[in-house]
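Visitor: Those protein sequence lines, which keep their order, are chains A and B. Just so you know, we're using this note's numbering here: the first sequence kicks off at 1 and counts up by one. Just so you know, we're using this note's numbering here: the second sequence kicks off at 1001 and counts up by one. Don't be surprised by glycine CBs; every beta carbon is placed ideally from N, CA and C. Bear in mind that the values here come from a model prediction, so they are computed numbers and not experimental data.
There are 2 protein chains.
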Amino acid sequence: MFNDDQVPKNQTTPAAAAKRRVSIKDIARLARVSHSTVSRALRESPLVNPETAEKIRQIAEESGFRASAVARSLATSRTSTIGVVVTSISDPFVAEVVSGIEDEAIAQNYSVFLANCNADPGRELKIVNSFEDRRVDGIIVTASRVGALYGSVLERMKIPIVLLNNQHPSQFAHSVMIENFEASRDAVSVLIKMGHRHIAYIGDRFGYGSDSERYSGYRAALGEADIAFQPELVVHGDGGAEGGIEAMTHLLEGPEPPTAVFCYNDRTAIGALKAIRAHGLKVPDDISLVGFDDLPLAQYVEPPLTTVRQPKHEMGRLAMQVLLKLMAGSDAEQNIRVAGELVLRESTAAPKEKTACNYSSVPKKERKKRMASSSSRSAAGN
Amino acid sequence: MFNDDQVPKNQTTPAAAAKRRVSIKDIARLARVSHSTVSRALRESPLVNPETAEKIRQIAEESGFRASAVARSLATSRTSTIGVVVTSISDPFVAEVVSGIEDEAIAQNYSVFLANCNADPGRELKIVNSFEDRRVDGIIVTASRVGALYGSVLERMKIPIVLLNNQHPSQFAHSVMIENFEASRDAVSVLIKMGHRHIAYIGDRFGYGSDSERYSGYRAALGEADIAFQPELVVHGDGGAEGGIEAMTHLLEGPEPPTAVFCYNDRTAIGALKAIRAHGLKVPDDISLVGFDDLPLAQYVEPPLTTVRQPKHEMGRLAMQVLLKLMAGSDAEQNIRVAGELVLRESTAAPKEKTACNYSSVPKKERKKRMASSSSRSAAGN
DNA sequence: TCGCATTCTGCACACGTGTGCACGATTGTA
DNA sequence: TACAATCGTGCACACGTGTGCAGAATGCGA
């Protein structure tokens, strides 16, 4: 009756049998039940007798059995796996977002495939193909320019996709994004309230949508304060520190340098800071500086950087939560916008007296208080 | 003969059939061959007629077929997948290493599961179990304290493992590590050559092996220069900026503050920098500062930080290469040690005249030259 | 004691791909 | 023309797990 006790015919030698991983059938043999019952017992099915189930679980535990997710995936056509494609893991912004994604994923017993594309289209394609081969249940794309490339491939895959701070918003996908416009407008407004009227914007020529939204916020703040827009105060870098240096140098060597600069991101701001210092000027005494992102290093540069904080970790979790809903078949909010938060540190102050105009609405006393504290304060959002 | 053309019995309706992913059998039906032939054709087996193969490949291409890696894994019992467990992706050091691992992995058509454990033992266990379930072909553990936890689980898994800058070197595993001792000794020696004789060490009390190796290097440099060791000049932080602030403050408030400080890592050094500034002192005029790691931000703090560069990206690639060898069944070098490289920036200089002794061997001219340039120079070499 | 409901278990097949082996078709040689 | 060698193809099974369905075992009421 239990002739399964014999060595199965496909195993040539006992040694070979010992080499093989312990499978559900081995447990079944030990427990003297069928593999079906083992499967059900381990998945806590109510169909199996509690005593039998307990016995099976114990045997499985003792023999160190772990069910193969590979085989299960094949049987259920679900892998409990997602793919995350990023531009570069080395980018601190991305790292923080991935951390949030992974936290949420592990809590729901999902595993994440991580791949960085380095903005290389060929590699992007390879990654997406690989994700398709591995039958991931969903995909999150972070801070990438999702172009024509994805379109065709992703169309075919019919897999839920969530974009995070993507540059090219596309119709078919859900997304989580920072409120670029509002956050930028508020940040520049604060500079204006401090008394600045000669404010520059250093953008990112590879920033696409994000860049134009932040630029629009800058324009809106100027408009609300009836400050005439000066095209020569808008320069574009490459999104990194080097680009910030170049752009800032250009501004400083212009006819009338700004008293404050709003930057596309922190890395650009840090480059700008270096350029300002190289010109023998001081931040914030001569020029105020505002960044975007609130990278970990923002508070450790000298002076600590005033910047718009993105809730990076939270945004990662949010993206994963949306993806989980989509993978479960229920529908989720299409486009989630997250509020930024202006963090006032020591790189901003009222302009110097000689250049300051009488529009300043920030009393000296309060200004001093702000600058003394390096702790963060919310200015832009809930 | 080709009755496969009919709808298979398990498909109830044509609509359901349309919903299913295209499989190898679909291609077989279209090409009027068996699925075996399709499998062989797509894997470029020499067994199949070139013309037939070409036809099959074309049909597969047209219908957008992609073979399921899940099914293949089950059949071949290889997943072409590795697991990477890190302490925290947000750590810039880790991020760079992971980037290197992933570069090498993608080049060899491997995918990587990334998981961060946040130094939480429970989560570590969950991660390793998850990797086992998914039948990863290998595992890389980065900068973790591999303790008893892993031992038992990993023992059972019989999967190749490579440790990278791990704290507890264990016997059964291969590893890639920075030459902590040599790099530290050389860095401190350079400080001594500049004229410093009162040099402190700020360690990391969670650094375990790495910390004691770097500490040993510090002691060795002092010994070689016949400088008496002063226990009160050794303090330990927590490996982060906060710990650096505390430790440095302690040193500054001691009876005889050091003229130079060698820090366990860059983050500690940046905290120390902040503390020094808070005490109204200047770097490097009053105190020289040396870090370890060469994080991206190291060159953007003020002053740019002299530090020991770890070839992070390269170390990641190296670890993956070792793992690939192990997974292929061949054996690889057990313990690879990588040389660090001292990068001289502007946080180091000869001590002030009043405290400087006549042992200084760095002429003023050369010192000036060094400080003017922020470009990196190798001092510790390969 | 019989019939029926309930509870559990096992059979058999599915998931999609790889591969050893047998066999048919074709070609070459005696 | 007969036979052997070579080449290409398909059959059948394996990989490890999930699950619909049939049926065995048990309990319960009449």
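For A:R156, which residues in chain B fall below 7 Å Cβ to Cβ?
Guide: For this step, residue 156 of chain A is matched to residue 156 along the first sequence. Near A:R156 (Cβ distances below 7 Å), the residues of chain B are G1064.
Visitor: Once DSSP output is grouped into helix, strand and coil, what is the label at B:I1101?
Guide: Locating residue 1101 of chain B in the second sequence gives position 101, counting from the first residue. Looking at B:I1101 - three-state DSSP - the assignment turns out to be helix.
Visitor: Name the residue from A:I159, A:P257, A:R156, A:M177 whose alpha carbon lies nearest to the alpha carbon of A:R197.
Guide: Stepping through the first sequence from its first residue, residue 197 of chain A is reached at position 197. Among A:I159, A:P257, A:R156, A:M177, the Cα nearest to that of A:R197 belongs to A:P257.
Visitor: Secondary structure at B:S1216, three-state DSSP: helix, strand or coil?
Guide: In the second sequence, the residue the question calls residue 1216 of chain B occupies position 216. Three-state DSSP puts B:S1216 in a helix.
Visitor: Can you list the beta strand (DSSP E) stretches of 3 or more residues lying completely in the region 1280-1324 of chain B, in chain order?
Guide: 1288-1293, 1306-1309
Visitor: Ignore the nearest five residues each way along the sequence and tell me which others in B:L1233's own chain have a CB closer than 8 Å to its CB.
Guide: The residue given as residue 1233 of chain B occupies position 233 in the second sequence. Answer for B:L1233: H1198, I1199, A1200, Y1201, L1251, P1258, listed in chain order.
Visitor: Under a CB-based cut-off of 8 Å, is A:N116 close to chain B?
Guide: Translated into the one-based positions of the first sequence, residue 116 of chain A becomes position 116. Yes, A:N116 counts as interfacial toward chain B.
Visitor: Note the first and the last residue of the continuous alpha helix (DSSP H) segment covering A:L47.
Guide: Walking along the first sequence from the start, residue 47 of chain A turns up at place 47. Run containing A:L47: none; DSSP gives neither H nor E here.
Visitor: Taking 8 Å as the threshold (beta carbon to beta carbon), is B:A1071 in contact with chain A?
Guide: In the second sequence, the residue the question calls residue 1071 of chain B occupies position 71. Yes - at least one Cβ of chain A is within 8 Å of the one on B:A1071.
Visitor: Could you tell me the distance, in whole angstroms, from the CA atom of A:A74 to the CA atom of B:A1298?
Guide: For the purposes of this step, residue 74 of chain A is taken as the residue at position 74 of the first sequence. For the purposes of this step, residue 1298 of chain B is taken as the residue at position 298 of the second sequence. According to the sequence displayed, residue 74 of chain A carries Leu and not Ala. Rounded to whole angstroms, A:L74 to B:A1298 spans 48 Å at the Cα level.
Visitor: On the DSSP bridge assignment, give the partners of A:F113 in chain order.
Guide: Walking along the first sequence from the start, residue 113 of chain A turns up at place 113. Looking at the DSSP assignment, A:F113 forms a beta bridge with A:G83, B:F1113.
Visitor: Using the C-alpha atoms, what's the distance from A:D293 back to B:A1095?
Guide: By 1-based counting over the second sequence, the position of residue 1095 of chain B is 95. By 1-based counting over the first sequence, the position of residue 293 of chain A is 293. Cα to Cα, B:A1095 sits roughly 18 Å from A:D293.
Visitor: Would B:K1055 count as contacting chain A if we go by Cβ distances under 8 Å?
Guide: Start at 1 with the first residue of the second sequence, and residue 1055 of chain B comes out as number 55. Against chain A, the CB of B:K1055 has no partner CB under 8 Å away; the residue lies outside that interface.
Visitor: Pick out whichever of A:S210, A:D211, A:R219, A:G195 has its Cα sitting closest to the Cα of A:R185.
Guide: By one-based count along the first sequence, residue 185 of chain A stands at place 185. It is A:R219.
Visitor: Is B:N1382 buried or exposed, if buried means 16 or more other CB atoms sit within 10 Å of its CB?
Guide: In the second sequence, counting from the first residue as 1, residue 1382 of chain B sits at position 382. Per-residue confidence for B:N1382 stands at a pLDDT of 30, beneath the threshold of 50, marking its modelled position as unreliable; the derived number appears in the next sentence. The C-beta of B:N1382 has fewer than 16 other C-beta atoms within 10 Å across all chains shown, which makes the residue exposed.
Visitor: Taking 8 Å as the threshold (beta carbon to beta carbon), is A:Y208 in contact with chain B?
Guide: The residue labelled residue 208 of chain A in the question sits at position 208 within the first sequence. False, the Cβ-Cβ gap to chain B never drops below 8 Å.
Visitor: Identify the contact partners of B:T1095 in chain A, using a Cβ-Cβ distance below 7 Å as the criterion.
Guide: Counting from one through the second sequence, the residue named residue 1095 of chain B turns up at place 95. Reading off the sequence, residue 1095 of chain B comes out as Ala, not Thr. Annotation: Cβ neighbours of B:A1095 in chain A (cutoff 7 Å, chain order): I89, S90, A95.
Visitor: Can you pull the chain A neighbours of B:E1067, defined as C-beta to C-beta under 8 Å?
Guide: Start at 1 with the first residue of the second sequence, and residue 1067 of chain B comes out as number 67. What sits at residue 1067 of chain B in the sequence shown is Ala, not Glu. D133, listed in chain order.
Visitor: Tell me, to the nearest whole angstrom, how far the beta carbon of B:A1069 is from that of B:L1042; I am working on the premise that it is less than 8 Å.
Guide: Looking up residue 1069 of chain B in the second sequence gives position 69. Looking up residue 1042 of chain B in the second sequence gives position 42. Contact doesn't hold; Cβ gap of about 13 Å is too wide.
Visitor: Strictly under 8 Å for the Cβ-Cβ distance: is A:N265 near chain B by that measure?
Guide: Within the first sequence, numbered from 1, the residue matching residue 265 of chain A stands at position 265. No - not a single Cβ of chain B is within 8 Å of the one on A:N265.
Visitor: Check whether the region 219-229 of chain A touches the region 310-323 of chain A, taking contact to mean three or more Cβ pairs, one atom from each stretch, closer than 8 Å.
Guide: In this structure the region 219-229 of chain A does not touch the region 310-323 of chain A; the number of beta carbon pairs closer than 8 Å is below three.
Visitor: Would you mind working out which of B:G1138, B:T1076, B:S1090 sits nearest B:A1105, comparing C-alpha positions?
Guide: For the purposes of this step, residue 1105 of chain B is taken as residue 105 along the second sequence, with counting starting at 1. Taking only the C-alpha atoms, the option nearest B:A1105 is B:G1138.
Visitor: Quick test of the definition: if touching needs 3 or more C-beta pairs under 8 Å, does the region 22-41 of chain A touch the region 50-63 of chain A?
Guide: yes
Visitor: Kindly examine the ligand MN and report whether one of its heavy atoms sits closer than 7 Å to the Cβ of A:N265.
Guide: No copy of the ligand MN appears in this structure; indeed no ligand is present at all.
Visitor: From what residue to what residue does the alpha helix (DSSP H) around A:F131 run?
Guide: As a first step, residue 131 of chain A is located in the first sequence; it is residue number 131 there, counting from the start. Per DSSP, A:F131 belongs to the alpha helix (DSSP H) from 121-133.
Visitor: Closer than 9 Å, Cβ to any Cβ of chain A: which residues of the region 1270-1298 of chain B, in chain order?
Guide: I1270, G1271, L1273, K1274, R1277, L1295, P1296, L1297
Visitor: If you run the structure through DSSP and keep just helix, strand and coil, what is B:E1346?
Guide: Here residue 1346 of chain B is taken as the residue at index 346 of the second sequence, counted from 1. In this structure, B:E1346 counts as coil in the three-state DSSP scheme.
Visitor: Please classify B:E1341: does DSSP put it in a helix, a strand, or coil?
Guide: For the purposes of this step, residue 1341 of chain B is identified with residue 341 of the second sequence, where counting begins at 1. The three-state secondary structure of B:E1341, taken from DSSP, is strand.
Visitor: Nearest chain A C-beta to B:A1148 closer than 8 Å, yes or no?
Guide: On the second sequence, residue 1148 of chain B is found 148 positions in, with the first residue counted as 1. Because B:A1148 sits at a pLDDT of 49, beneath the cut-off of 50, its placement in the model cannot be relied upon, and the following sentence gives the value as read from the coordinates. No, B:A1148 does not count as interfacial toward chain A.
Visitor: Specify, as a first and last residue, the run of the beta strand (DSSP E) that A:T249 falls within.
Guide: Here residue 249 of chain A corresponds to residue number 249 of the first sequence, with the count starting at 1. Element bounds for A:T249: not the beta strand (DSSP E) but the alpha helix (DSSP H), 241-252.
Visitor: With DSSP run on the structure shown, which of helix, strand or coil describes B:R1264?
Guide: Within the second sequence, residue 1264 of chain B is the residue found at index 264, counting from 1. Here residue 1264 of chain B is Tyr; the residue named in the question, Arg, does not match the sequence. B:Y1264: coil per DSSP, three-state reduction.
Visitor: Measure the C-alpha to C-alpha separation of B:I1245 and B:V1188 and round it to an integer number of angstroms.
Guide: Residue numbering aside, residue 1245 of chain B sits at position 245 when the second sequence is read from its first letter. Residue numbering aside, residue 1188 of chain B sits at position 188 when the second sequence is read from its first letter. Distance between the alpha carbons of B:I1245 and B:V1188 is about 21 Å.
Visitor: Would the beta-carbon of B:V1235 fall within 8 Å of that of B:A1221?
Guide: Here residue 1235 of chain B refers to the residue found at position 235 when the second sequence is read from its first residue. Here residue 1221 of chain B refers to the residue found at position 221 when the second sequence is read from its first residue. Their beta carbons are not under 8 Å apart, which means B:V1235 does not touch B:A1221 by this criterion.
Visitor: Residues in the region 1099-1112 of chain B with C-beta within 7 Å of chain A's C-beta atoms, listed in sequence order?
Guide: S1099, E1102, I1106, S1111, V1112
Visitor: Within 10 angstroms of its Cβ, does A:S175 collect 16 or more other Cβ (buried), or is it exposed?
Guide: As a position in the first sequence, residue 175 of chain A is number 175, starting the count at 1. A:S175 should be labelled buried.
Visitor: Which class does B:N1384 belong to by DSSP, given the choice of helix, strand or coil?
Guide: Given that chain B is displayed from residue 1001 to residue 1382, the structure contains no residue 1384 of chain B and the question cannot be resolved.
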